[in-house]
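Q: Pasting a structure below so you can have a look.
There are 6 protein chains.
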Amino acid sequence: MFAVEVSEQIMIAHSFRGEVFGPAQQLHGATFVVRAAFIAEALDPNGIVVDIGRAHEALKATLGPLNYRNLDELPLFKGVNTTTEFVSKHVFDALAAAVRANELGRNGREIKALRITVLESPSACAWFEAPLW
Amino acid sequence: MFAVEVSEQIMIAHSFRGEVFGPAQQLHGATFVVRAAFIAEALDPNGIVVDIGRAHEALKATLGPLNYRNLDELPLFKGVNTTTEFVSKHVFDALAAAVRANELGRNGREIKALRITVLESPSACAWFEAPLW
Amino acid sequence: MFAVEVSEQIMIAHSFRGEVFGPAQQLHGATFVVRAAFIAEALDPNGIVVDIGRAHEALKATLGPLNYRNLDELPLFKGVNTTTEFVSKHVFDALAAAVRANELGRNGREIKALRITVLESPSACAWFEAPLW
Amino acid sequence: MFAVEVSEQIMIAHSFRGEVFGPAQQLHGATFVVRAAFIAEALDPNGIVVDIGRAHEALKATLGPLNYRNLDELPLFKGVNTTTEFVSKHVFDALAAAVRANELGRNGREIKALRITVLESPSACAWFEAPLW
Amino acid sequence: MFAVEVSEQIMIAHSFRGEVFGPAQQLHGATFVVRAAFIAEALDPNGIVVDIGRAHEALKATLGPLNYRNLDELPLFKGVNTTTEFVSKHVFDALAAAVRANELGRNGREIKALRITVLESPSACAWFEAPLW
Amino acid sequence: MFAVEVSEQIMIAHSFRGEVFGPAQQLHGATFVVRAAFIAEALDPNGIVVDIGRAHEALKATLGPLNYRNLDELPLFKGVNTTTEFVSKHVFDALAAAVRANELGRNGREIKALRITVLESPSACAWFEAPLW
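Protein chains in written order, with our numbering: chain A, 1190 to 1322; chain B, 1190 to 1322; chain C, 1190 to 1322; chain D, 1190 to 1322; chain E, 1190 to 1322; chain F, 1190 to 1322.
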């Protein structure tokens, strides 16, 4: 399997509901470094999985509405804990839709899976990986 | 698949037996940066794989008896080469037991696998990954 | 000049006032990785600048009241923009006071300067460095 | 599964053919940090996947002919785009041949797979992973 | 002294003249990660050294003409070795001019010095630092 | 001022004497990543501070006798605590002697200072910087 991975970062505020979160129940924030890996069985005739430029654009388009925001106030995330794991899945869903709509400049069917990694600090991260078809 | 990964570090001394190790047969040491990834099919009702705080605690509890020690002198490691690969497996076994004993704050059955990565330097690392059930 | 530097991290929310900040005027947040360097002309009889353990403790004590908080709501920061530069200076002031009060386990007079670096993302950081005496 | 991974770096020039590459159609270059992971089900009697020293040597031997070169001029790469993905596969093929020829100091049959990661910058990388048998 | 530092990256080809460079006399290339630090004695009324957004823009404007280029072919660099040290100084000169022309959104006189760091690989970098006035 | 910095790594065992060190009084070890910066006012006619290749060789020559060793047993370090700070100074002294003996391929007088940084873990490092003349 081939993969190409690009990364972008956002700065957000949020809080969590649930005793398990301890002090993170308070309003706080994070710099999220988000890596999106596009996975394919074969390279296209240009010798790439997908165009890195387009991959960056798709990732930025997904992250833009979250950047410099308090995630607690976004209708999109009403009633959910926007944990690092959850954000991984949110980005996965958005990029999966983009791939399936052939928006990455390659027949979406040829992208077999995505893996989204979100680093919240030097000592903790989360990821979500799944096939697309 | 979802994963959440935390990291801790230890500073140890050890030596290896076997010609393949060359100068590493001498007593030397390493800073091991140890990353533990907990892997699950679904998030719990809080929106997490496991509590990051508990994950850090479990990893620290596993690494504590090794930190600032000469591994050659630990009865636990008598007669084995405490290679980076071996340490990965050792940490895996300890955390697997903790998960199976439901000590991570979630039904252990819901944690499907662990992946332990041990970085010995900027240019070399090892990992061990396996299902838990 | 000798220096020893330790690092810790915090996760905070905040917002900025001033057109120059653009979208960062909205409530957002950051993971701040904070590095504190203690600078001295000579090592003490143990061969250290200061005890790394104590340095970590002093840095944690300074950062604790900020961690998992919305800095906009802390009386301490009322009316100021808690920029990365500002946070560098805030940590400097707290650690400078600790050094001057001989709380680092060494005659504070022997610590000549501090340098505090705050990383807000992989692509931006700030620092503040000044002599202590 | 166990893995051990080593890394080396090279500095190369190249250009790409195809509109998708935009300005990268011009002659430019890259520092490629190349990580090679050797994957096995079990450790050998020494407690390792493969000797890290030999793994470094095998990776260096593969990368040597590319280092400080314009890849466009190498007969080996005539008519292909030497993308990050392509380089991952090229290194995979060379190391796979070395493993199959038992050149890593272990029966090649016991190495189940390789994963080659190539980082072209802090914000983009590619990898290729496949079983060897 | 306060500083704020931003980073950008470029991918370039070049070759060096002089026996000291060994194989780097051949046409090769590099990913240069370029960090620009703006240094001031005091923060402005907004609590910043300079606007990070403007700092990124100024650095991008300086690096743009080099990105995806063979530096050997740029009239600007005719007859010089575009070493990592040289590139540090080139970026310094361009940003110094921008600061002196008050293009960073603050009276240039209040920016006392610049420090430009260029990383060519994980194991080598160069920097140039000098006062501006 | 210009600088060029190279890095190498070693893996050592050692122990410390003194209550301040707590558990680090036990025999343990470290991976030391050692960075050596050579500082000059002007570039040489080739456009460099010193040849990066020679800088790597000089640093390796200094670190070689320490690598894969128990520093407690080296006559060179008899009776001293080989702290991270101390190792920084040790490397400084050796490279300063090499520069003064014109072994870096440039008139030593033109190298004004050295800065040696030793990273013992992702969260702690030390450095020593001083003029050479």
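Virtual Cβ for every residue (Gly too), placed ideally from N, Cα, C. Keep in mind it's a predicted model, so treat the numbers as computed, not measured.
Do the CB positions of K1301(D) and A1229(D) come within less than 8 Å of each other?
A: yes
Q: Apart from the five residues just before and just after I1241(C), which ones in its own chain have a Cβ nearer than 8 Å to its Cβ?
A: V1193, V1195
Q: Between the Cα of K1249(B) and the Cα atoms of L1265(B), P1264(B), A1290(B), F1221(B), which residue gives the shortest distance?
A: F1221(B)
Q: Which partner residues of F1227(C) appear in the DSSP bridge assignment?
A: V1193(C), L1303(C)
Q: So which residues of chain B does E1309(F) contact, with C-beta pairs closer than 7 Å?
A: T1220
Q: Within 8 Å of any Cβ in chain A, is that where the Cβ of E1274(D) sits?
A: Chain A, which has a Cβ nearer than 8 Å to the Cβ of E1274(D), makes this yes.
Q: Between the C-alpha atoms of G1253(E) and E1262(E), what's the straight-line distance to the nearest angstrom?
A: If I take the Cα positions, the gap works out to 15 Å.
Q: Taking Cβ-Cβ distances shorter than 8 Å, what residues in chain E pair up with V1288(F)?
A: Under the 8 Å cutoff, chain E gives no residues; its nearest Cβ is about 16 Å from V1288(F).
Q: Please state the DSSP three-state secondary structure of A1247(E).
A: A1247(E) falls in the helix class under three-state DSSP.
Q: Check whether the Cβ atoms of Q1198(F) and Y1257(B) lie closer than 8 Å to each other.
A: It is not a contact, given that the beta carbons lie outside the stated cut-off.
Q: Give me the DSSP bridge partner(s) of V1238(D).
A: The beta-bridge partner set that DSSP reports for V1238(D) is empty.
Q: Name the two residues that bound the continuous beta strand (DSSP E) containing F1317(B).
A: 1313–1320
Q: Out of W1322(B), W1316(B), A1286(B), which one is the CA nearest neighbour of A1247(B)?
A: A1286(B)
Q: In the DSSP assignment, what residue or residues form a beta bridge with F1221(A)?
A: I1199(A)
Q: Along the alpha helix (DSSP H) that carries K1278(D), what are the first and last residues, could you check?
A: 1273–1289
Q: Measure the alpha-carbon distance for R1224(A) versus A1244(A) and round it to whole angstroms.
A: 10 Å
Q: Looking at C-alpha atoms only, which residue of L1308(E), L1260(E), F1191(E) is the closest neighbour of D1233(E)?
A: F1191(E)
Q: How is L1252(D) classed by DSSP in three states: helix, strand or coil?
A: helix
Q: As a quick exercise: from R1289(F), T1272(F), V1280(F), pick the residue whose alpha carbon is nearest that of T1251(F).
A: V1280(F)
Q: Near P1320(E), what residues of its chain come up, given a Cβ to Cβ distance below 7 Å and the 5 sequence neighbours on each side ignored?
A: K1301, A1302
Q: Taking the alpha carbon of F1275(F) as the reference point, which residue from A1283(C), G1236(C), V1288(C) has its own alpha carbon closest?
A: The option with the nearest alpha carbon to F1275(F) is G1236(C).
Q: Can you grab the Cα-Cα spacing for the pair T1272(E) / I1201(D), in whole Å?
A: 15 Å
Q: When we look at the beta-carbon of A1231(E) and count the other beta-carbons within 10 Å, is it buried (16 or more) or exposed?
A: exposed
Q: Which residues in the same chain have their Cβ closer than 6 Å to the Cβ of F1317(D), if we skip the five residues on either side of it in sequence?
A: S1277, K1278, F1281, I1305
Q: Could you tell me if G1218(E) is buried or exposed, where buried requires 16 or more neighbouring beta carbons within 10 angstroms of its beta carbon?
A: buried
Q: Nearest CA to the CA of E1299(D): which residue from E1309(D), V1288(D), V1307(D)?
A: V1288(D)
Q: Skipping 5 residues on each side, what residues in its chain have a beta carbon closer than 8 Å to that of W1322(E)?
A: R1298, K1301
Q: Counting contacts by CB-CB distance shorter than 8 Å, is L1216(B) in contact with chain F?
A: yes
Q: Which one or two residues does DSSP pair with L1308(A) in a beta bridge?
A: V1222(A), C1314(A)
Q: Report yes or no: is there a C-beta of chain D within less than 8 Å of the C-beta of S1277(A)?
A: no
Q: Do you know whose CA, among L1293(F), G1268(F), N1270(F), lies nearest V1209(E)'s CA?
A: Considering only L1293(F), G1268(F), N1270(F), the residue with the shortest C-alpha distance to V1209(E) is L1293(F).
Q: Can you confirm whether A1250(D), when its beta carbon is compared against all beta carbons of chain A, has any partner nearer than 8 Å?
A: no
Q: For chain A, find out if any of its Cβ atoms is closer than 8 Å to the Cβ of I1305(C); answer yes or no.
A: no
Q: Say whether chain A places a C-beta atom closer than 8 Å to the C-beta of M1190(B).
A: At least one CB atom of chain A sits nearer than 8 Å to the CB of M1190(B).
Q: From G1268(B) to N1259(B), what does the alpha carbon distance come to, in whole angstroms?
A: Straight through space, the alpha carbons of N1259(B) and G1268(B) are spaced by roughly 14 Å.
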